[in-house]
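As given, the protein sequences belong to chains A and B, one line each in that order.
Heads up: the first sequence begins at -1 in the numbering used here, then just goes up one per residue.
Heads up: the second sequence begins at 2 in the numbering used here, then just goes up one per residue.
Note that the Cβ used here is the ideal one computed from N, Cα and C, for glycine as well.
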Amino acid sequence: MALLQIAEPGQSAAPHERKIGIGIDLGTTNSLVSAVRSGQCVTLADEQGHHLLPSVVHYATDSIDVGFHARDNSNADPANTIMSVKRFMGRTLADVTQHWHQLPYQFSSETTSPRFITPKGEFNPIQVSSHILSALKTRAEASMGEEITGAVITVPAYFDDAQRQGTKDAAQLSGLNVLRLLNEPTAAAIAYGLDSEEEGVIAVYDLGGGTFDVSILRLNKGVFEVLATGGDSALGGDDFDHLVADYVSNTLHLDDASQKLNHRRLMNIAKQAKECLSDNTTFNGELQLLQASGETVQSNITVSLETFNELIADLVKKTIATCKRALKDADVSIDDVNNVVMVGGSTRVPLVRAQVADFFGKVPLTSIDPDKVVAIGAGIQADILVGNKPDSDMLLLDVLPLSLGIETMGGLVEKIIPRNTTIPVAKAQEFTTFKDGQTAMMVHVLQGERELVEDCRSLAKFTLTGIPPMVAGGAHIRVTFQVDADGLLNVTAMEKSTGVQAEIQVKPSYGLEESEILSMLQSSMQNAKHDMQARMLKEQQVEASRVLEAMQGALAEDGDELLNDEERSAIEASLFALVDTAKAGDIEAIKQAITKVDKLSQDFAARRMDKSIQKALSGHSVDDI
Amino acid sequence: MNYFELYNLPAQFEIDLSKLKQHYQTLQKLTHPDRFASASEQQKRMYLTKNAQVNDAYTVLRSPVSRGEHLLGLRGIELANEQETVGDVNFLMQQMEWREALEDADSVDALNQLAVENKSEVDAQEATIRALLEKNTESDNKQAADELRKMKFMLKLASEIDAKIDTLEA
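Following this line, the structure appears as structure tokens:
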């Protein structure tokens, strides 16, 4: 029983200690952070009482400013005030400038991925996002008065691999331990506490400023299973504003030049009208029209709810068609849907609510603030993942939003994992050489639904090297594509007949290489080299205590049954060695000691897993009789 | 990997779908990565791999075609890697007629009618395959592989009918 002494005080967490898990909604326009406090998940406010943090970062020579101050002063220094950085995530500069003209920023010409040039230095979208996340982390630490154990960060359901990886990298840069990337609609369903219901189908209708998506989930005894997602990444409340602005401009008979001159003013009054018409039947406002001379002339603007509804009717109809398709993909009928959850500020528009209610035949849930609902769901999930609710039955099964495929002859894409497949998932594909003695091969991975390579998003190009030389067609290379619970792709390859593990060199098309992340991490800590070392040591020590705790429990539970004396004493010896090493504080040595425990206990761990599975399933069989 | 074994179900074509679903839930609760958010790296890796198998097995066992294919795989007949095509001339003729009917159908009603016919063909085909797989002799298994290939054609047609309905409705 000597092993019971392994846990040193201060080295492993006491079993009942509460850990802090936070939920973060990293939005295009605004961001939020939440945590569970006194059993209730709430969004956390800053010192001034603001819950929303504008996703705006201002870079000056000697400061980085995030939030309201940065946003409110954006007119003063637009070139160095980065707004809506989420749109840049995982995209090339060309992608972004194609959709968003006249951006006030200065971009570096050295890279295809966007890099903002500011007086503070050059920053890519991942770094800008990490500055927003750091501000939220600081707020959470101040608000909770404790260190943050981990974070759940939400992403739009349709985010592809590059965008997800970028979000995760940004969190890593800001020093957050990412427990999970969670799809926004799934988070919203959790927020409404629908997991307490026995069974049912939930539709989540999410209409934001610039995007629309819908998810269909099935709920069964605490398990949320995403059945299908669909959406339109270029349809949102901003489009309503455009339509109203055009209408106002038409009623005033503005010519093109005048329209261009007053673009910002027209958009502002359109937004005002839209917001007013959420609670009123008529909007009356004054517009100061700018003349070519520089003078302004006042015009009175009236927009009725009826007119507004007519203007946006087609767009709302389009979202309903998407709902229809999602139901079809999910293979459920409208009558199966028990609850409809509304997310996003644009769902405040009465016509949207009415049409959604009409289509689904039930009143949608709107009791939680549609701007906060995603963050709240993420906070609830974070609380569970850090281990505060060991008895929770809640489990989220997400799906791959876009198909994964590879390039084949003639610029075509062959699908390997279709969209709406439950993740994690692993699929293997075999390739063969086409030349005698060929030792390398390139694999191009893409994501999307279209058939042509040029219409899909290029994720990465892999070069397989170290293939044993054989005649053409002789080598069979098995490439395994694995997608984890966050929706992130990982690729491995092996030559089948010889068992040679082919080397993979990944060249991400948009994201960053591992080495780039590391160097960014280091440069962000340039002034604190010591911090970096301390952080890495602490991470290793935490991992060591995890391993120790887990192995102690495992040995106590199954050691007698599943291990012979020889195996057991080998594992125990490696654990003692790990305890000593962890105390000494040599990062590399701790890593090696953990690897040793892993290696010796691998079979034991697998036997335990199989045993628990068999036990659970045979338990079911007994119940069934 | 034997997916029937993973789900503790008998290795046969006819399975209890409610039991499959129930075991799916149990296996998810046991193996999903979220259950191991603060576990050691080794456990994370091990359960990630297992959970991916649980998901793939569920997809394979849920649909009759892939279940039949998996069962044949366990019996030593690989459908996916062989180059054989359907050699049955009658079936090929039938196939062409269906395609023509799909091309000619220009209303949602006509397409729905086609879908109904297709569905009954698929059901009949499934019954044929079930009977062959139950016999489980070498020649019956070979025959079952042929019938499975035909069923794939039928299901492909079904999804094309669906897609055409979608475009007409849009």
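Taking 8 Å as the CB threshold, histidine 33 (chain B) lines the interface with chain A. Secondary structure at glutamine 46 (chain A): coil, using DSSP grouped into helix, strand and coil. Close to glutamine 480 (chain A), with beta-carbon spacing below 9 Å, are these residues of chain B in chain order: Leu49, Thr50 and Ala53.
Close partners of glycine 385 (chain A) in chain B (Cβ separation under 7 Å): Ser39.
In this structure, alanine 243 (chain A) and alanine 226 (chain A) do not form a Cβ contact; the two beta carbons are roughly 34 Å apart against a cut-off of 8 Å.
When 7 Å is used as the limit between beta carbons, lysine 30 (chain B) is near these residues of chain A: Leu393, in chain order. DSSP places aspartate 107 (chain B) outside both helix and strand once states are collapsed to three, so it counts as coil. Contact between the region 334 to 351 of chain A and the region 183 to 193 of chain A is present: 3 or more CB-CB pairs across the two stretches fall below 8 Å. Below the 7 Å Cβ cutoff, chain B contributes no neighbours of glutamate 145 (chain A), its closest Cβ being approximately 15 Å away. Among the residues facing chain A, threonine 27 (chain B) is included, as its CB has a counterpart in that chain under 8 Å away. Contact between leucine 598 (chain A) and alanine 568 (chain A) holds, with the beta-carbon distance rounding to 5 Å and staying under 8 Å.
The closest CA to that of alanine 185 (chain A), considering only A:Gly164, A:Ala169, A:Ser172 and A:Glu223, is found on A:Glu223. By the criterion of a C-beta distance shorter than 8 Å, glutamate 449 (chain A) is surrounded in its chain by Leu410 and Val411, once the five residues flanking it on both sides are discounted. Closest in C-alpha terms to serine 297 (chain A), from the list A:Glu565, A:Thr249 and A:Glu559, comes A:Thr249.
Taking the CA atoms as reference points, aspartate 391 (chain A) sits about 28 Å from asparagine 3 (chain B). Excluding the 5 residues flanking it on each side, methionine 87 (chain A) has same chain C-beta neighbours closer than 6 Å at Pro123, Gln161 and Gly164, in chain order.
Taking CB atoms only, histidine 24 (chain B) has a neighbour in chain A less than 8 Å away. In this structure, the CA atom of arginine 351 (chain A) is about 40 Å from the CA atom of aspartate 105 (chain B). The DSSP-derived three-state label of leucine 486 (chain A) is coil. Lysine 433 (chain A) counts as exposed, since fewer than 16 other beta carbons sit within 10 angstroms of its beta carbon. Two segments are said to touch when three or more pairs of C-beta atoms, one from each, lie closer than 8 Å; by this definition the region 541 to 559 of chain A touches the region 593 to 609 of chain A. Ranked by how close their Cα comes to the Cα of alanine 255 (chain A), the residues A:Val330, A:Leu287 and A:Asp558 have A:Leu287 in first place.
Alanine 438 (chain A) and threonine 463 (chain A) do touch by the CB rule: their CB atoms are close to 5 Å apart, below 8 Å. Scanning its chain for C-beta atoms nearer than 6 Å, with the 5 sequence neighbours on each side dropped, one finds around aspartate 63 (chain A) the residues His56, in chain order. DSSP links isoleucine 421 (chain A) through a beta bridge to no other residue. By the CB criterion at 8 Å, glutamine 538 (chain A) and isoleucine 588 (chain A) fall inside the cutoff. For lysine 269 (chain A), no Cβ of chain B is located within less than 8 Å of the residue's own Cβ. Contact between leucine 395 (chain A) and valine 176 (chain A) is absent: CB atoms are separated by about 19 Å, not below the 8 Å threshold. A check of alpha carbon separations from histidine 474 (chain A) across A:Glu541, A:Gly435, A:Asp601 and A:Cys274 identifies A:Gly435 as the nearest. Contacts with chain B (Cβ-Cβ distance below 9 Å) from the region 313 to 343 of chain A involve Ala319, Lys322, Arg323 and Lys326, listed in chain order. Classified as exposed, lysine 494 (chain A) has fewer than 16 neighbouring CB atoms from the shown chains inside 10 Å of its CB.
Judged by beta-carbon spacing, leucine 325 (chain A) lies beyond the 8 Å limit of methionine 340 (chain A), meaning their Cβ atoms are not closer than that value. Counting the other CB atoms within 10 Å of its CB gives glutamate 559 (chain A) a total below 16, which places it among the exposed residues. The beta carbons of arginine 178 (chain A) and aspartate 381 (chain A) sit no closer together than 8 Å.
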